[in-house]
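First up is the structure itself, then whatever we jot down about it.
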Amino acid sequence: MSNHHQGKSNEDRRFATKLIHFGKEIDEATGASSVPIYQASTFHHFDLDNPPAHDYSRSGNPTREALEHYIAVLEGGTNGFAFASGMAAISTAFLLLSAGDHVIVTEDVYGGTYRLLTTILTRMNIESTFVDMTDFEQVKAALKPNTKAVFLETPSNPTLKIADIAEISGWAKDRGLLTMLDNTFMTPYHQRPIELGIDIVIHSATKFLSGHSDVLAGLVVTADETLGRRVKQLQNGLGTVLSAQESWLLMRGMKTLQVRMEASEASAAKLAEWLSKHPGVEKVYYPGLADHPRREIHEKQSRGCGAVVSFDVGSGERARRLLGRVKLPLVAVSLGAVESILSYPAMMSHASMPREVRLARGITDGLVRYSVGLEDAADLIRDLDQALDN
-6 MSNHHQGKSN
4 EDRRFATKLI
14 HFGKEIDEAT
24 GASSVPIYQA
34 STFHHFDLDN
44 PPAHDYSRSG
54 NPTREALEHY
64 IAVLEGGTNG
74 FAFASGMAAI
84 STAFLLLSAG
94 DHVIVTEDVY
104 GGTYRLLTTI
114 LTRMNIESTF
124 VDMTDFEQVK
134 AALKPNTKAV
144 FLETPSNPTL
154 KIADIAEISG
164 WAKDRGLLTM
174 LDNTFMTPYH
184 QRPIELGIDI
194 VIHSATKFLS
204 GHSDVLAGLV
214 VTADETLGRR
224 VKQLQNGLGT
234 VLSAQESWLL
244 MRGMKTLQVR
254 MEASEASAAK
264 LAEWLSKHPG
274 VEKVYYPGLA
284 DHPRREIHEK
294 QSRGCGAVVS
304 FDVGSGERAR
314 RLLGRVKLPL
324 VAVSLGAVES
334 ILSYPAMMSH
344 ASMPREVRLA
354 RGITDGLVRY
364 SVGLEDAADL
374 IRDLDQALDN
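Numbering follows this note's numbering, in which position 128 of the sequence shown is assigned residue number 121; successive positions increment by one, without gaps.
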């Protein structure tokens, strides 16, 4: 397969080096320092008896394949796949399942994933059980005779609950279950689930990987070639592929992933500490805080704590006031950008979740989610201070 992660030469290099030198960074034809944008839908067959490597861009485009190789290198998988959005990537992964199958899912999963599972896949007779994956007993208890897969999100969105990746993937493997993990929050810089036994890693690359609020994209990486062939068949059959232009822009953003993550994370840690002492804040969710539940498990499986801090200001009225008074962050959906983004899960990312379901998962009317960007931490804190000072 053309997007195969070739050779071992890259594996002893550190992550920052792999971000720049991933094996497809120089154009072989011209030596150009940037992968060309192959803005072509179809490719000429010079010799019918020897078809070209590419024939149609849905099935394979050289720009997209460079990106697909890139994410496979970063995640330590065999094959990478690029999709038109994070949800296109997640939907495709779930379509590895068939009618009659059952999947066990992290309970406070991203709202779009919840909507897909409860309103679309139910019509295909694919059923889900949502469990609190911080409790391994609940995961085991959810097993049914028709269970075929486990879908994890850790840290979860938006309350940053920690699931033990190795524990769950080991149990799933013993039972022949497929494991899928949404790695959007941590990125391969902090967390590489394939190394912990996960079969399929998924990203909304719109977020930290792109990093600039200008690309909509999803990525999937498989742990082995057999799964890679199955995902390739789905990608080609469904046609939900990423365009050449967006593939190029995403690669451009990914090159600075480590420096962006390090800077945002340092500021997020300061912000979380400051919020945890603020009288107007009832609860702070951030894996870097000393009292964050299951912090030791997160530290065992991740290199860092990321740049997302969620906190509860006590009521929907106070949350709305805060959202109306901040001056620096965008008040918007999404996360993982150079600019800070303050989001209101109850009306944004988790609006598709029924209110009683949302509240049962701790996603209260007072909960806000802060994705920390590259502004100066002191300015972000000063801005929050004036917005919370009421």
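Glycine included, C-beta positions come from ideal geometry on N, C-alpha and C.
What does a CB cutoff of less than 8 Å around residue i pick up in its chain, not counting 5 residues either side in sequence?
i	result
residue 327	199, 200, 206, 334, 336, 364
residue 254	180, 182, 183, 201, 297, 299, 300
Based on DSSP bridge pairs, tell me the residues matched to residue i.
i	result
residue 74	213
residue 278	303
residue 173	144, 193
residue 334	323, 364
residue 97	122, 143
Can you list, in chain order, the residues of its chain whose CB lies under 7 Å from that of residue i, leaving out five sequence neighbours each side?
i	result
residue 69	185, 187, 188
residue 30	56, 237, 238, 241
residue 271	381
residue 288	280
residue 90	96, 119, 141, 142
Assign residue i to buried or exposed, taking buried as 16 or more other Cβ atoms, counted over all protein chains shown, within 10 Å of its Cβ.
i	result
residue 118	exposed
residue 252	exposed
residue 1	Low per-residue confidence applies at residue 1: pLDDT is 44, beneath 50, and the placement is therefore not dependable, though the value from the model is reported in the following sentence. With fewer than 16 Cβ atoms within 10 Å of its Cβ, residue 1 is classed as exposed.
residue 138	exposed
residue 7	exposed
residue 10	exposed
residue 261	buried
residue 171	buried
residue 115	exposed
residue 219	exposed
residue 76	buried
residue 225	buried
Name the residue from the options whose alpha carbon lies nearest to the alpha carbon of residue i.
i	options	result
residue 132	109, 152, 347, 160	160
residue 332	215, 341, 320, 339	320
residue 269	295, 302, 172	302
residue 60	145, 49, 15, 191	15
residue 165	98, 308, 250	98
residue 145	135, 173, 169	173
residue 377	13, 156, 266	266
residue 27	102, 208, 136, 245	245
residue 108	351, 346, 282	346
Would you say residue i reaches chain D, if we count a Cβ-Cβ gap shorter than 9 Å as a contact?
i	result
residue 182	Judged by its chain identifiers, the structure shown contains no chain D, having just a single protein chain.
With a CB to CB cut of under 6 Å and the five nearest residues on each side skipped, what residues in its chain are close to residue i?
i	result
residue 32	237
residue 106	83
residue 80	105
residue 19	none
residue 278	152, 153, 303
residue 247	202
residue 214	64, 65, 68, 70, 73, 194
residue 322	333, 334, 335
Report, in whole angstroms, the separation of the C-beta atoms of residue i and residue j, which I expect to be a contact under 8 Å.
i	j	result
residue 121	residue 96	5 Å
residue 312	residue 358	7 Å
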